[in-house]
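Numbering (our numbering), first residue to last: 679 to 1030. Just so you know, even glycine gets a beta-carbon here, dropped at the ideal spot from N, CA and C. Note that the structure is a prediction, hence the values are computed from the model and not measured.
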Amino acid sequence: MFGWYPEPLFLAGSIAAVLLYGAGVWRLHNRGDKWPIGRTLAWLAGVGTVLLSTSSGLAAYGTALFSVHMVQHMILSMLSPILLLLGAPITLALRSLRPARKGADGKAGRGPREVLLGLLHSRFAAVMSSPGVTLPLFIASLYVLYFTPLFDLAMGNMWGHRWMMIHFLAVGLLFFWPIMGIDPAPRKHGYVMKMLELFAGMPFHAFFGVAVMMSSSLIVDSFGQPPPSWGTDVLADQQMGGGIAWAFGEVPTVIVLLVIFSQWMSSEERLARRKDRAADRDGDVELDAYNAYLSRLAGGSAAPAAAADGADAGPDSGAEEKAADQAAETVSKTSSVPSTSSTSSTTVGRQG
């Protein structure tokens, strides 16, 4: 189970992923910019889980035992994508790639950075990252693949099996990319919407696992004849695979929820700091208007009765009082202001 069985395609892709990521970090470092070490570690862990699924004993036993194959599927579709996205590869690429130079005709050039930006802003990327596409793909990778002859067809040859592994990884990346929101995406969703998208797929995932666990016959034929020397009960092994599919989704879901909550809290803190800076720059305009309103009321209480019925009021007094009332209402919602039952000359101080 812990042997090393390198799969050439995934091994080459993993090496390229590490080298390209390392080159981006190195370029930022040489430029004097910093890149979080946690991002790098997450990327390396993500690549490591891909290799674990495709080039270790999991790959060898995954073609003979349904339960081991399901471990591969869950790692590639849920754990590896989350770790890779935590590495923020698109952000790293946009920061490390240099803008293309202008051509001889003065027009902007088109290099790797411009190609990446064009893809991110393309209609294709917007459609493919929408919940109407990512969620059905995520669900179809379970039901359509395992409950139709497509699975046995893919397992029938080497390239079909490779396609299936690539499909698991790609669907997972596409599903979690807009939900996690670490890298730029064509569609920006609110935090509540992200959680709804995440939870929308979980019942289908759990139901799939339960359906496999409850099945009284083999759902695929590819694992029907393991080596006799293993003494494997293929139906029990399939039911174990269903249990793995049902239980495996819990940990990745918690990780993504923690990421979303962390982003939400950081966003609220940035908004609060922005409001504080605006108050320091502009002053408490609404609070000043409310204090002026109280002062005018205090002055009006000592005036003759003629002032009370508005006999000597100017033409703009009604508008001023209306504006003051609006300011008072706003301050009462945003500031801690003592309530008064009678007119007072006390003004409200600014809160520190």
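Hey, could you find the ends of the alpha helix (DSSP H) residue i is sitting in?
i: Q903; result: Careful: Q903 lies outside any alpha helix (DSSP H) and carries neither H nor E.
i: Y699; result: 686-708
i: W837; result: 836-858
i: I715; result: 715-733
i: G810; result: 809-824
i: R791; result: 790-798
i: R801; result: 801-806
i: A832; result: 828-833
Return the residue from the list the options that minimises the CA-CA distance to residue i.
i: P686; options: A766, T732, G920, P862; result: T732
i: Q917; options: R773, S894, A738; result: S894
i: L697; options: P767, M833, V932; result: P767
i: G726; options: S692, L736, D711; result: S692
i: L754; options: L795, M843, V822; result: M843
i: Q941; options: I857, G977, H883; result: I857
i: Y821; options: G859, L874, V890, L770; result: V890
i: M752; options: G919, L770, L896; result: G919
i: V728; options: E792, A695, Y699, G716; result: A695
i: S758; options: A848, A701, W704, F744; result: A848
i: R709; options: R773, P906, R865; result: R773
i: D861; options: A778, V929, L876, T769; result: T769
i: A723; options: L689, D711, G765, W704; result: G765
i: G810; options: E875, P827, V793; result: E875
i: W908; options: T826, Y739, L689, D711; result: Y739
i: T741; options: G902, P827, P930, I760; result: G902
i: P814; options: S973, L852, S944, E947; result: L852
i: R791; options: G702, G838, L730; result: G702
i: F877; options: L949, I938, M892; result: I938
i: Y699; options: F688, L689, D711, R717; result: R717
i: S945; options: D711, V932, A970, G859; result: G859
i: L689; options: A950, A976, L730; result: L730
i: Q750; options: R840, D911, P906; result: R840
i: V805; options: K780, P827, L831, R865; result: R865
i: V932; options: G838, A950, M873; result: M873
One question on the structure: do residue i and residue j come within less than 8 Å of each other, judged by their Cβ atoms?
i: L706; j: W713; result: yes
i: M756; j: I922; result: no
i: S900; j: M836; result: no
i: F854; j: V934; result: yes
i: F829; j: V898; result: yes
i: L762; j: W721; result: yes
i: Y824; j: A737; result: no
i: W924; j: G887; result: yes
i: D915; j: S734; result: no
i: A884; j: G927; result: yes
i: L743; j: P904; result: yes
i: A863; j: S807; result: yes
i: A778; j: G796; result: no
i: L936; j: L913; result: no
i: I760; j: P930; result: yes
message: Using a Cβ distance threshold of 8 Å, determine whether the segment 800-808 contacts the segment 867-874, with at least three qualifying pairs required.
response: Fewer than three pairs of CB atoms, one per stretch, sit closer than 8 Å, so the segment 800-808 makes no contact with the segment 867-874.
message: At 4 residues or longer, what runs of the alpha helix (DSSP H) sit wholly inside the segment 877-936?
response: Counting whole runs of 4 or more residues, the segment 877-936 contains the alpha helix (DSSP H) stretches 912-926.
query: Mind pulling the alpha helix (DSSP H) runs of 4 or more residues that sit fully within the segment 734-774?
result: Taken in chain order, the unbroken stretches of alpha helix (DSSP H) that lie wholly in the segment 734-774 and span 4 residues or more are 735-739, 744-752, 758-764, 767-774.
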